[in-house]
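A.B. asks: Quick one: the structure is below, and I'll ask about it shortly.
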Amino acid sequence: MNRRPDDAGITLIEMAISMFVMGLFMTAAMSGILALYRTTNLTQSGSEAQQDVTVAFGRLDREVRYSAAISAPGLIGEDSYVEFLTTWSGTPTCTQLRLNRATGELQQRTWDQSASAPQPTGWARLASGVTADTPFTVEDVGSPKVYQQLSLNMTIGAGGSANRATRGYRVAFTAQNSSSVDTRTTCAEGRALP
């Protein structure tokens, strides 16, 4: 009977096996941590996109609800446009919405319609990560009083390519001060302005 002394240590094979087992546990733990990290990033991206949309749509709801007219949507190059006119402040003000396809942004600018040479404000971003084939539609709704209604139909995403969160939106805003009068060219002069 051969007895090992108490300080004999471990063999190279025992060391290799224990390192292999430890590597398996570390791989499993890291996989779980990475999955948790990806899920957290995806949730955060979705939350940021939802927050942008909530602010943008809340703003548009207040503005379009009191508009007197909405123009017919149109294209200039690749970008989609639609305009609406508000008069409740005493000054006829045109607001133009644009889906800038190059940047993926829903943008807005305004100008005084009564000015002899309209000077629009700079483009303000309402939402980013926006894609749509036909983002704006305008139709007459209601009976017996007919109002114009602006519908937005788009997909909004946030996050990088690995953590992209997207959601489709279709929302309609009714212009309570509008009528069924032909307003297809209302504020359309802004499309020629840089």
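Under our numbering, the first residue of the sequence shown is numbered 8, with each subsequent residue one higher. We put the CB at the ideal spot given by N, CA and C, even for glycine.
Using 10 angstroms around the beta-carbon of A36, count the other beta-carbons present and answer buried if the total reaches 16, otherwise exposed.
C.D. replies: Taking the sequence shown and counting its residues from 1, the one referred to as residue 36 is at position 29. Its Cβ having fewer than 16 others within 10 Å, A36 is exposed.
A.B. asks: Can you grab the Cα-Cα spacing for the pair G197 / S121, in whole Å?
C.D. replies: One-based indexing of the sequence shown puts residue 197 at position 190. One-based indexing of the sequence shown puts residue 121 at position 114. Each residue's Cα considered, the two are about 13 Å apart.
A.B. asks: Only counting the same chain, and skipping five residues up and downstream in sequence, which positions put a Cβ closer than 7 Å to that of Q126?
C.D. replies: Numbered from its first residue, the sequence shown carries residue 126 at position 119. Cβ within range, chain order: W118.
A.B. asks: With a 10 Å radius around its C-beta and 16 neighbouring C-beta atoms as the bar for buried, classify Q155 as buried or exposed.
C.D. replies: Mapped onto the sequence shown, residue 155 falls at position 148. Buried.
A.B. asks: Where does E55 sit, in a helix, a strand or coil, going by DSSP?
C.D. replies: Stepping through the sequence shown from its first residue, residue 55 is reached at position 48. Correct three-state label for E55: helix.
A.B. asks: Using 10 angstroms around the beta-carbon of I77, count the other beta-carbons present and answer buried if the total reaches 16, otherwise exposed.
C.D. replies: Reading the sequence shown from its first residue, position 70 is the one you call residue 77. When all chains shown are included, I77 counts as buried.
A.B. asks: Select from I24, V60 and L133 the residue whose C-alpha is nearest the C-alpha of Y176.
C.D. replies: Position 169 of the sequence shown, counting from 1, holds the residue named residue 176. Residue V60 is the option with its Cα nearest to Y176.
A.B. asks: What are the complete beta strand (DSSP E) segments, minimum 3 residues, inside the region 105-151?
C.D. replies: With a minimum length of 3 residues, the continuous beta strand (DSSP E) runs that stay inside the region 105-151 are 112-119, 131-135 and 143-148.
A.B. asks: Give the DSSP bridge partners of E90, in chain order.
C.D. replies: As a first step, residue 90 must be located in the sequence shown, where it is residue number 83. Per DSSP, Q103.
A.B. asks: Hey, L106 and Q115: beta-carbon distance below 7 Å or not?
C.D. replies: Taking the sequence shown and counting its residues from 1, the one referred to as residue 106 is at position 99. Taking the sequence shown and counting its residues from 1, the one referred to as residue 115 is at position 108. No, the Cβ-Cβ distance between L106 and Q115 is not below 7 Å.
A.B. asks: Would the region 37-51 count as touching the region 139-159 if we require 3 or more Cβ pairs under 8 Å?
C.D. replies: Contact between the region 37-51 and the region 139-159 is absent, because fewer than three Cβ pairs lie under 8 Å.
A.B. asks: Restricting to Cα atoms, I'd like to know which of E55, L19, I83 and I24 is closest to G136.
C.D. replies: For the purposes of this step, residue 136 is taken as the residue at position 129 of the sequence shown. Checking every option, the nearest Cα to that of G136 belongs to E55.
A.B. asks: Sort P151, S150 and T102 by Cα distance to Y73 and report the nearest one.
C.D. replies: Here the question's residue 73 lines up with position 66 in the sequence shown. With distances taken between Cα atoms, Y73 lies closest to T102.
A.B. asks: Where do the N-terminal and C-terminal ends of the beta strand (DSSP E) with I83 fall, by residue?
C.D. replies: In the sequence shown, residue 83 corresponds to position 76, counting from 1. Run containing I83: G81 to I83, per the beta strand (DSSP E) assignment.
A.B. asks: CB A75 to CB L92, shorter than 7 Å?
C.D. replies: Reading the sequence shown from its first residue, position 68 is the one you call residue 75. Reading the sequence shown from its first residue, position 85 is the one you call residue 92. In contact: A75 and L92 (Cβ atoms closer than 7 Å).
A.B. asks: What does a CB cutoff of less than 7 Å around T138 pick up in its chain, not counting 5 residues either side in sequence?
C.D. replies: Taking the sequence shown and counting its residues from 1, the one referred to as residue 138 is at position 131. Once the five neighbours on either side are set aside, the close Cβ partners of T138 are G111, M161 and T162.
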